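Participant: The structure's right below; bear with me while I get my questions together.
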Amino acid sequence: MSTETLTLLNQTIKKLGDDIDGFKFNTCISQLMILVNHLTELPSIDKKTFEILTILISPFAPHLAEELRSELGNKFSIFTKATRPKYDEKYLVADTITIGVQINGKVRGTINISKDAEEKEAFDLAKSDEKIKTRITGEPKKVIYVK
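Written out as C-alpha cells, the structure is:
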C-alpha cells in the first residue's frame, strides 16, 4: 500500500471517528467520497484496506457493507464482530502537499510538493508544469511563497 493511500486511510478513520461523535454526518460522507475516489484511481487494493472501507461505510450504508463483507468471505455480521478501526498517528500528516499557483491573481494550476520545500524548488516545479509554463513570459516581477 502506498504512503499516500495509508495517510488518506488513517485520516479518514480519524475524521469519521471525530465527526460521528459530533453528529457531523455530511462531512463523514464527504471524507468517504474522497477516500473512495482515491481508491478507484489505484490499479488494485488489498483485502485489508477493503475490509476497513466496509467497516467505515457501515453506519451510513449498512446493507451495502454487509453484502461487501460477505463477498470477502466473512461469515459474521459486520455489526457483531467488527470493531471501529484504529488510526496510526504517524500517518496522519502527509509528506507532500498540493499548492495552487496563481498568475496575475488567478489560480492557473496546482503542484504537488514536499511540505518542507523551499521557494526556489517550488518555483522551479511550477515553471516546469505545462499549464503554468504557457502563462509565464520572462521572469515574474514578484514571487510570493508561503512555506
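Last residue of the sequence shown: 150 in the numbering used here, with the numbers rising by one and none dropped.
By construction, the Cβ of each residue, glycine as well, lies at the ideal position given by its N, Cα and C atoms.
Please read these numbers as outputs of a predicted model, since none were measured by experiment.
Buried or exposed: residue 50, going by 16 or more other Cβ atoms within 10 Å of its Cβ?
Facilitator: For this step, residue 50 is matched to residue 47 along the sequence shown. The residue in question, residue 50, is exposed, as its Cβ has fewer than 16 Cβ neighbours within 10 Å.
Participant: What are the uninterrupted segments assigned as alpha helix (DSSP H) that are 4 or more residues long and contained completely in the segment 67 to 94, given in chain order?
Facilitator: For the segment 67 to 94, whole alpha helix (DSSP H) runs of length 4 or above, ordered along the chain, are 81 to 84.
Participant: Report the option in 106, 65, 83, 18 whose CA atom is closest to the CA atom of residue 129.
Facilitator: Taking the sequence shown and counting its residues from 1, one reaches residue 129 at position 126. Comparing Cα-Cα distances from residue 129 to each of 106, 65, 83, 18, the minimum goes to 106.
Participant: Ignore the nearest five residues each way along the sequence and tell me which others in residue 10's own chain have a CB closer than 6 Å to its CB.
Facilitator: Position 7 of the sequence shown, counted from the start, is the residue given in the question as residue 10. Around residue 10: 94, 97.
Participant: Grab me the residues of residue 151's own chain with a C-beta within less than 6 Å of its C-beta, minus the 5 sequence neighbours each way, in chain order.
Facilitator: Nothing can be reported for residue 151: it is not among the residues displayed for the chain, which extend from 4 to 150.
Participant: With a Cβ-Cβ cutoff of 8 Å, do residue 90 and residue 125 count as a contact?
Facilitator: As a position in the sequence shown, residue 90 is number 87, starting the count at 1. As a position in the sequence shown, residue 125 is number 122, starting the count at 1. Taking 8 Å as the Cβ cut-off, residue 90 and residue 125 do not qualify as a contacting pair.
Participant: Using CA coordinates, which residue listed in 23, 25, 57, 29 is at the minimum distance from residue 39?
Facilitator: Locating residue 39 in the sequence shown gives position 36, counting from the first residue. Of the listed residues, the one whose Cα sits closest to residue 39 is 57.
Participant: By how many angstroms is the C-alpha of residue 73 removed from the C-alpha of residue 67?
Facilitator: Position 64 of the sequence shown, counting from 1, holds the residue named residue 67. Position 70 of the sequence shown, counting from 1, holds the residue named residue 73. Answer to the nearest angstrom: the Cα atoms are 10 Å apart.
Participant: Where do the N-terminal and C-terminal ends of the beta strand (DSSP E) with residue 27 fall, by residue?
Facilitator: Numbered from 1 along the sequence shown, position 24 holds the residue referred to as residue 27. Where residue 27 is concerned, there is no enclosing beta strand (DSSP E), given that its DSSP letter is neither H nor E.
Participant: Just mark residue 18 as buried or exposed, buried being the case when its beta carbon has 16 or more other beta carbons within 10 Å.
Facilitator: Looking up residue 18 in the sequence shown gives position 15. Classification of residue 18: buried, given that the 10 Å Cβ count is 16 or more.
Participant: Consult DSSP for residue 5 and reduce its assignment to one of helix, strand or coil.
Facilitator: Locating residue 5 in the sequence shown gives position 2, counting from the first residue. Coil at residue 5, not helix or strand.
Participant: Sort 76, 35, 86, 48 by Cα distance to residue 64 and report the nearest one.
Facilitator: As a first step, residue 64 must be located in the sequence shown, where it is residue number 61. With distances taken between Cα atoms, residue 64 lies closest to 35.
Participant: Whole angstroms are fine: how far does the CA of residue 29 sit from the CA of residue 23?
Facilitator: To locate residue 23, count along the sequence shown from 1; it is residue 20. To locate residue 29, count along the sequence shown from 1; it is residue 26. Cα to Cα, residue 23 sits roughly 10 Å from residue 29.
Participant: Starting from residue 109, trace the alpha helix (DSSP H) in both directions and tell me its first and last residue.
Facilitator: To locate residue 109, count along the sequence shown from 1; it is residue 106. Element bounds for residue 109: not the alpha helix (DSSP H) but the beta strand (DSSP E), 109 to 117.
Participant: Given a cut-off of 8 Å on the beta-carbon distance, is the pair residue 145 and residue 111 in contact?
Facilitator: On the sequence shown, residue 145 is found 142 positions in, with the first residue counted as 1. On the sequence shown, residue 111 is found 108 positions in, with the first residue counted as 1. No, these two residues do not count as a Cβ contact at 8 Å.
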